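**Student:**
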Amino acid sequence: MITLTPSRPDASTAASADPSTTHDSDQPAIAIVGASITGPTLALLLHQAGLTNVTVLDASEHLHTQAGGVIGLEHTSLAALDTLGVPQHEFVPFTSERVVAVKLAGRQETGRVHTMYPGRSTAWHLINSALLKRLPQGWLRLGSRVQDLTAGPDDRAQLRIAHTDPINADLVVFADGRRSTGRRLLDPGRDLRYSGYVAWRGQSPIVPPHLRDYTRLEPPGAGFHLFPIMQRDGSIATDWTFYLHHSDEEVRHLLNADPIGRTYVLPHQITPQARQHVTDHARQVWSGLPSSARRSPKDRGHQHDDPGTRAGAGVFTETRRPFMARRRGLPRGAGEQGPLPVAAPASTATTGGALIYPSLSIPYLGVLPGPYSGRPMPGVHPCAAGRRRRPCVARRSIWR
C-alpha cells in the first residue's frame, strides 16, 4: 500500500490549485457517495488540488442534528485535516490521549493500566459539521440515494438516483460505510459476517467531574467505555458504550432483526426485551462492585470520587437519551480484525455504520488506507449484459 504524508501546499501550489482559475467543463466529473467523514474529507482534498466539478451525494434528507458517538482520530488523520484548514479546537474539546483500562473481578478492582492513544477522541457530529460547512456551495446533495451504477453515454459511469435524474461521472468514489452500495454493486460476493458482539450505546447528562480520559471498565465477559462528549447545544454529556456478546439467535430475538441485514438499530427501534436484557446485564456488572461504587450519583449528591468504577453505574442508570445498538460486521475476506484493542477508543465507520475498525482512516489525495489494503480490489469497465450495458468487475490490485 502506498503511504503519503500530508503536507501543506506552498504558495505556488496553492495558486495553481485556485478553483477560481478553473472551469468545470475542463475537468472530470467526480461523484462521491457518502457525506459522513471520508466523503467530505476527500471532496475537500480534491478542491484543494484544484478540482471543482465534484458532487457529494448522501441518502439522508437532512443534515444530522443529533449528537453522534465518540470516535478516534489518529495523528495522520489530524494532519490531513490540518492541511484542509480544519483546526483541532473546532472538533476536539477534550485533548487527553490517555486510555485508562480498569480490570474488575469479584467485588474489587484488580488492576489499572494507562496507555496512550496516538491521536484524539472526538464526536462524530463535531467532525462531520466541521467538514460539511467547508464544502463549496452546491457540492452537497442530500436526499440522493444511489440505487444502481451502469455504463452511461460515452462509457462514463451513470448513477441512478431515487426519484430524480441520473448522474454521469468520470469517477465515482463510494464512501458510504459498511453497507456500501458500491460494494453491493461492484463486489456482490463480498458479504458481511457477524463478529459475535453488540455495542449498546447511550449518552448521560451525568458527567463525572474527573472524567477526562477515555475510560474502559473491563468486568469478565463485558466492556463498559466512558468518555465526555460535547453535544450540539454546547452542553457536556457522558458517552458510554456497553459491549456484550450475543449469538445470532439472541440478536434476532432481542431486536427482531438479522445481525447482517441490519447492522445498527436506532433508539426508537430498541425493543422492551432488549432494553431489559441490557439493564439486567448492567446490574450483574455493578453487583460485583462495592456498594459505594454502585450507588447512583443522585444518591451520593453527585460526588464522584473516581471516573471509572464509582461513576459507571450512575452514568448508566441516569441515562436519559435512549441507547442504541450497533452490531459489528466485517466484509468477508477483509482479514481477521479481532476484538477492538484495549488501548484504543472505539471508532465508527461512515454514514450509518456500526463499530468497525479501531481508528478512523482518512484518505489523502485518493489513497485509501485501511482494511482493504493488500487485497485485490475490483476494477470496473463497461461490458454488454443482454440489452443493457452494465459495469463489469475485473479483479486487479489498485495498490502500486
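First residue of the sequence shown: 1058, per our numbering; consecutive thereafter. Where is the CB? At the ideal position from N, CA and C, for every residue including glycine. Quick caveat, the model's predicted, so the values are computed rather than measured.
Near residue 1328, what residues of its chain come up, given a Cβ to Cβ distance below 8 angstroms and the 5 sequence neighbours on each side ignored?
**Tutor:** One-based indexing of the sequence shown puts residue 1328 at position 271. Taken in chain order, the residues that qualify are 1311, 1312, 1313.
**Student:** Between the C-alpha atoms of residue 1284 and residue 1277, what's the straight-line distance to the nearest angstrom?
**Tutor:** Numbered from its first residue, the sequence shown carries residue 1284 at position 227. Numbered from its first residue, the sequence shown carries residue 1277 at position 220. Approximately 21 angstroms, taken between the alpha carbons.
**Student:** Specify the secondary structure class of residue 1218 as computed by DSSP and reduced to three states.
**Tutor:** Position 161 of the sequence shown holds residue 1218. Reduced to three states, the DSSP call for residue 1218 is strand.
**Student:** Can you check which of these residues, 1275, 1178, 1247, is closest to residue 1163 by C-alpha distance?
**Tutor:** Along the sequence shown, one-based indexing puts residue 1163 at 106. Checked all of 1275, 1178, 1247; the closest Cα to residue 1163 is 1275.
**Student:** Could you tell me which residues DSSP puts in a beta bridge with residue 1174?
**Tutor:** Along the sequence shown, read from residue 1 onward, the residue named residue 1174 stands at position 117. None, per the DSSP bridge assignment.
**Student:** For residue 1184, tell me which candidate among 1262, 1149, 1249 has the shortest Cα-Cα distance.
**Tutor:** What you label residue 1184 is simply residue 127 of the sequence shown in a count that begins at 1. Nearest C-alpha to residue 1184: 1149.
**Student:** Do residue 1100 and residue 1090 have their CB atoms nearer than 7 angstroms?
**Tutor:** As a working note, residue 1100 is residue 43 in the sequence shown. As a working note, residue 1090 is residue 33 in the sequence shown. Cβ distance not < 7 angstroms, so residue 1100 and residue 1090 don't count as in contact.
**Student:** Are the CB atoms of residue 1238 and residue 1203 nearer to each other than 7 angstroms?
**Tutor:** In the sequence shown, counting from the first residue as 1, residue 1238 sits at position 181. In the sequence shown, counting from the first residue as 1, residue 1203 sits at position 146. Yes, the Cβ-Cβ distance between residue 1238 and residue 1203 is below 7 angstroms.
**Student:** Assign residue 1268 to one of three DSSP states: helix, strand, or coil.
**Tutor:** Counting from 1 along the sequence shown, the entry for residue 1268 is found at position 211. In the structure shown, residue 1268 sits in coil (DSSP, three-state: anything other than H, G, I, E or B).
**Student:** Assign residue 1181 to one of three DSSP states: helix, strand, or coil.
**Tutor:** By one-based count along the sequence shown, residue 1181 stands at place 124. Residue state, collapsed to three classes: helix.
**Student:** With burial defined as no fewer than 16 other Cβ atoms inside 10 Å of the residue's Cβ, what is the status of residue 1176: buried or exposed?
**Tutor:** If you number the sequence shown from 1, residue 1176 lands on position 119. Residue 1176 should be labelled buried.
**Student:** Can you give me the Cβ contacts of residue 1219 inside the same chain, cut-off strictly under 7 angstroms, excluding the 5 residues immediately before and after it?
**Tutor:** One-based indexing of the sequence shown puts residue 1219 at position 162. Answer for residue 1219: 1202, 1204, listed in chain order.
**Student:** Given that a residue counts as buried once 16 or more other Cβ atoms are within 10 Å of its Cβ, and exposed if not, what is residue 1303?
**Tutor:** On the sequence shown, residue 1303 is found 246 positions in, with the first residue counted as 1. Its Cβ being crowded by 16 or more others within 10 Å, residue 1303 is buried.
**Student:** Return the first residue and the last residue of the alpha helix (DSSP H) that residue 1105 is part of.
**Tutor:** For the purposes of this step, residue 1105 is taken as residue 48 along the sequence shown, with counting starting at 1. Per DSSP, residue 1105 belongs to the alpha helix (DSSP H) from 1095–1105.
**Student:** I'd like to know if the stretch 1334–1344 and the stretch 1287–1295 are in contact, where contact means that at least 3 CB-CB pairs between them fall below 8 angstroms.
**Tutor:** The stretch 1334–1344, when compared against the stretch 1287–1295, does not touch it at the 8 angstroms Cβ threshold.
**Student:** Which residues does DSSP list as the beta-bridge partners of residue 1285?
**Tutor:** Residue mapping note: residue 1285 aligns to position 228 of the sequence shown, counting from 1. Paired residues: 1295.
**Student:** Could you tell me whether the stretch 1241–1256 touches the stretch 1221–1229, using the rule of 3 or more Cβ pairs below 8 angstroms?
**Tutor:** At 8 angstroms Cβ cutoff, the stretches do not touch.
**Student:** CA-CA distance, residue 1214 and residue 1207?
**Tutor:** For the purposes of this step, residue 1214 is identified with residue 157 of the sequence shown, where counting begins at 1. For the purposes of this step, residue 1207 is identified with residue 150 of the sequence shown, where counting begins at 1. Rounded to whole angstroms, residue 1214 to residue 1207 spans 6 angstroms at the Cα level.
**Student:** Spell out the partners DSSP gives residue 1205 in its beta bridges.
**Tutor:** Indexing the sequence shown from 1 puts residue 1205 at position 148. 1217.
**Student:** Can you look up residue 1392 in the DSSP assignment and give me helix, strand or coil?
**Tutor:** Position 335 of the sequence shown, counting from 1, holds the residue named residue 1392. Interpretation of residue 1392 is limited by its pLDDT of 35, a score under 50 that renders its predicted location unreliable; no figure is taken from the coordinates.
**Student:** Is it the case that the Cβ atoms of residue 1160 and residue 1152 are separated by a distance below 7 angstroms?
**Tutor:** As a first step, residue 1160 is located in the sequence shown; it is residue number 103 there, counting from the start. As a first step, residue 1152 is located in the sequence shown; it is residue number 95 there, counting from the start. Cβ distance not < 7 angstroms, so residue 1160 and residue 1152 don't count as in contact.
**Student:** Report, in whole angstroms, the separation of the C-beta atoms of residue 1113 and residue 1216, which I expect to be a contact under 8 angstroms.
**Tutor:** The residue you call residue 1113 lines up with position 56 of the sequence shown. The residue you call residue 1216 lines up with position 159 of the sequence shown. With 8 angstroms as the limit, residue 1113 and residue 1216 do not qualify as a contact, their Cβ atoms being about 12 angstroms apart.
**Student:** Please work out which residues of its chain come closer than 6 angstroms, Cβ to Cβ, to residue 1141, disregarding the five sequence neighbours upstream and downstream, and give them in chain order.
**Tutor:** Taking the sequence shown and counting its residues from 1, the one referred to as residue 1141 is at position 84. Excluding positions up to five away in sequence, the list reads 1101.
**Student:** Please return the same chain residues whose Cβ sits closer than 7 angstroms to the Cβ of residue 1417, not counting the five positions on each side in sequence.
**Tutor:** By 1-based counting over the sequence shown, the position of residue 1417 is 360. Unreliable positioning characterises residue 1417 in this predicted model, as indicated by a pLDDT of 25, which lies under 50. A coordinate reading is not provided.
**Student:** DSSP three-state call for residue 1420: helix, strand or coil?
**Tutor:** Your numbering for residue 1420 matches position 363 in the sequence shown. Its pLDDT being 27, under 50, residue 1420 is placed unreliably by the model, and nothing is read from it.
**Student:** Could you give the DSSP three-state label for residue 1323: helix, strand or coil?
**Tutor:** To locate residue 1323, count along the sequence shown from 1; it is residue 266. Correct three-state label for residue 1323: coil.
**Student:** Determine the direct distance from the alpha carbon of residue 1120 to that of residue 1200, and round the result to whole angstroms.
**Tutor:** By one-based count along the sequence shown, residue 1200 stands at place 143. By one-based count along the sequence shown, residue 1120 stands at place 63. The alpha-carbon atoms of residue 1200 and residue 1120 are separated by roughly 10 angstroms.
**Student:** Can you give the Cα-Cα distance for residue 1315 and residue 1287, rounded to whole angstroms?
**Tutor:** Residue 1315 sits at position 258 when you count from the first residue of the sequence shown. Residue 1287 sits at position 230 when you count from the first residue of the sequence shown. About 33 angstroms.
**Student:** Rounding to the nearest angstrom, what Cα-Cα distance links residue 1179 and residue 1250 in this structure?
**Tutor:** As a working note, residue 1179 is residue 122 in the sequence shown. As a working note, residue 1250 is residue 193 in the sequence shown. The straight-line gap from Cα to Cα measures roughly 28 angstroms.
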